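Residue numbers -22 to -1, 1 to 454, in mature numbering (1 follows the signal peptide of the UniProt record, and there is no 0), belong to the letters of the sequence shown in order.
For each residue, glycine too, the CB sits at the ideal point set by N, CA and C.
Values in this document were obtained by computation on a predicted structure and should not be read as measured data.
Have a look at the structure below, then the notes.
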Amino acid sequence: MKAILLLLLYSGLVSFTAIASTSPTCPANLAGDCNGGSDGWEGEFFPEIPKIKYEGPSSKNPLSFKWYNANEVILGKKMKDWMRFSIAFWHTFRGTGADPFGAPTKFWPWEDGSNSLAMAKRRMRANFEFLKKLGVDRWCFHDRDIAPDGKTLAESNANLDEVVALAKELQGSKIRPLWGTAQLFLHPRYMHGAATSSEVGVYAYAAAQVKKAMEVTHYLGGENFVFWGGREGYQTLLNTDMKRELDHLATFLQAAVNWKKKVGFNGTLLIEPKPQEPTKHQYDWDAATAAGFLQKYGLSGEFKLNIECNHATLSGHSCHHELETARINGLLGNIDANTGDPQIGWDTDQFLTDIGEATLIMLSVIRNGGLAPGGFNFDAKLRRESTDVEDIFIAHISGMDTLARGLHNVAKLIEDGSLAELVRKRYQSFDTEIGALIEAGKADFDLLEKKAMEWGEPTVASAKQELAEMIFQSAL
Ligand code: XLS
Ligand code: NI
Ligand code: NI
């Protein structure tokens, strides 16, 4: 027995060394021998990282899933179909760790620090290796994250076409953009806004950028297109014609709807609310504000919302509140999965690791029947101090596992049924003849006054908040 084991071990070693000597690791490292400096790079960007597998909750391996088991069926659907995870190109491949007080801290081995076209293509290859190793089939991008700005709009478009052609090839048959978007906030021309700029030339430029970004998203088989109005807002109302700016935003979005139909793009258009940062006041403040705006301008049937958890807390709401507001208005289209920090007052875009929070999020997702054709986009970045290549994987694995735990917990809550029962009981006084009349809008004040006189002082039951919290907690 021992001899056989030894033999197996020995032959294993032999074949391992054979593989190692015939196919030397060819890391996509700028300093490495394999680097031809060309954009046609085919080496490995993450040679130390294997394909990430599900190993179950008892695994201690940081490069494995403990809870996210893509093909496991929960509540009638595979986990991967509930989640529809996506990675955010801008954080994962353009995030440098720089902050307003400090220089970049991340120097990935494949980066030459330039914004060249060759570098853009190299990064795109890294993106797809990352997606495949992580087992994620979706990615999100801004036009200017993936390809450099040119000297003219035509040159920028040509750069974008070149990188997009490579992305299309690398996507293969499985990977698609969850969404694309136009970056309408970084360039100085957008300092007064894009669709809400005081300059008509900027409005036109932004329109041209959205037109092109929507075309390439469509070409890549993208399922949604996002509008985050980072600079659509104001710094002071003293110099701002708010009505005119909002009217312009609406005409811009209507033109985007028309363009979408013209090019035959069937994806969902999504507005991503955020209350402030970088402006003092952003027009798409929160889900309710965006819903009201869409309704006022007759755009309701054309847009849904992309709710970002960190934006929710910046607007003074919980993520759950924003998700439920979107959901009950038929507007929940996508989630930018991240979280803020209770002590830092800005958009820290951290990976979500709070299981209670993840459970609340999944409650909304399940009530919504899922998010498709939207999904969960990890609009989240590594901390400035996290500088190892493996940290990129660990962060995403942890975020995916956290949401998977949320899904398991919701399944437990639904199976248990007592939380739903508590809510049902709370409103049961409306499950009566008079309640039905009220809910049908058929109870006028005369009738209600008559009832109030007849019934006398109403009895008012306990809200059972602590019990609701206890039930919720027991599922975590
Ligand atoms: C910034 C936003 C941005 C959008 C895409 O706060 O979250 O990243 O998701 O433009
Ligand atoms: Ni976002
Ligand atoms: Ni954000």
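Quiz item: Bridge partners of Arg154, per DSSP?
Solution: Counted from its first residue, the sequence shown places residue 154 at position 176. Answer is Arg116, bridged to Arg154.
Self-check item: Within the stretch 43 to 80, ranges of the alpha helix (DSSP H) (whole runs, at least 4 residues)
Solution: 57 to 61, 67 to 72
Exercise. Compare the C-alpha of Asp325 against each of Ala143, Asn316, Asp332 and name the closest.
Key: Locating residue 325 in the sequence shown gives position 347, where the first residue counts as 1. Cα-wise, what sits closest to Asp325 is Asn316.
Quiz item: Which whole-angstrom value describes the C-beta separation of Met192 and Val241, a residue pair presumed to lie in contact below a C-beta threshold of 8 Å?
Solution: In the sequence shown, counting from the first residue as 1, residue 192 sits at position 214. In the sequence shown, counting from the first residue as 1, residue 241 sits at position 263. With a Cβ gap of about 7 Å, Met192 and Val241 count as contacting.
Practice problem: Please determine if the stretch 154 to 166 and the stretch 197 to 215 are in contact, where contact requires at least 3 C-beta pairs separated by less than 8 Å. | Solution: yes
Self-check item: Residues that Tyr181 bridges to, as DSSP identifies them
Solution: Here residue 181 refers to the residue found at position 203 of the sequence shown. Per DSSP, none; premise fails for Tyr181.
Practice problem: Would you decide whether Met61 is buried or exposed? Buried here means 16 or more other CB atoms lie within 10 Å of its CB. | Solution: Translated into positions along the sequence shown, residue 61 becomes position 83. Buried, because 16 or more other Cβ atoms sit within 10 Å of the Cβ of Met61.
Quiz item: Looking at residue 477 and ligand 3, is the gap between the Cβ and the nearest heavy atom below 7 Å?
Solution: Because the chain here runs from -22 to 454, residue 477 falls outside it and cannot be looked at.
Practice problem: State the beta-bridge partners of Lys282 as determined by DSSP. | Solution: By 1-based counting over the sequence shown, the position of residue 282 is 304. Leu248.
Practice problem: Could you check if Tyr181 is buried or exposed, using at least 16 other CB atoms within 10 Å of its CB as the buried criterion? | Solution: Here the question's residue 181 lines up with position 203 in the sequence shown. Per the 10 Å Cβ criterion, buried.
Practice problem: Could you tell me the distance, in whole angstroms, from the CA atom of Phe119 to the CA atom of Asp394? | Solution: Within the sequence shown, the letter at position 141 stands for residue 119. Within the sequence shown, the letter at position 416 stands for residue 394. Taking the straight line joining both Cα atoms gives about 40 Å.
Quiz item: Taking the C-alpha atoms as reference points, what is the distance between Gln232 and Glu133?
Solution: By 1-based counting over the sequence shown, the position of residue 232 is 254. By 1-based counting over the sequence shown, the position of residue 133 is 155. One C-alpha to the other measures close to 27 Å.
Quiz item: Hey, how far is the Cα of Val(-9) from the Cα of Met97?
Solution: Reading the sequence shown from its first residue, position 14 is the one you call residue -9. Reading the sequence shown from its first residue, position 119 is the one you call residue 97. Low confidence applies to Val(-9): its pLDDT is 36, below 50, so where it sits in the model is not reliable, and the reading given next is rough at best. About 38 Å.
Exercise. Look at the Cβ atom of Glu223, then the Cβ atom of Glu250, and state whether they are nearer than 8 Å.
Key: Taking the sequence shown and counting its residues from 1, the one referred to as residue 223 is at position 245. Taking the sequence shown and counting its residues from 1, the one referred to as residue 250 is at position 272. No, the pair does not count as a contact, with Cβ atoms beyond the cut-off.
Quiz item: Is the beta carbon of Cys4 sitting closer than 8 Å to the one on Glu26?
Solution: Position 26 of the sequence shown, counting from 1, holds the residue named residue 4. Position 48 of the sequence shown, counting from 1, holds the residue named residue 26. Cβ distance not < 8 Å, so Cys4 and Glu26 don't count as in contact.
Practice problem: With DSSP as the reference, label Pro166 as helix, strand or coil. | Solution: In the sequence shown, residue 166 corresponds to position 188, counting from 1. Here Pro166 sits in helix by DSSP.
Quiz item: Shortest alpha-carbon distance to Gly275 belongs to which of Asn7, Ala228, Asp115, Ile333?
Solution: Along the sequence shown, one-based indexing puts residue 275 at 297. Per the sequence shown, residue 275 should be read as Tyr rather than Gly. When only C-alpha atoms are compared, the closest one is Ala228.
Quiz item: In terms of DSSP beta bridges, what is Tyr212 paired with?
Solution: The sequence position of residue 212 within the sequence shown is 234, counting from 1. Tyr212 pairs with His259.
Quiz item: Name the DSSP beta bridge partners of Tyr405, please?
Solution: Sequence index remark: in the sequence shown, residue 405 carries index 427 (1-based). For Tyr405, which the question treats as bridged, DSSP gives no partner whatsoever.
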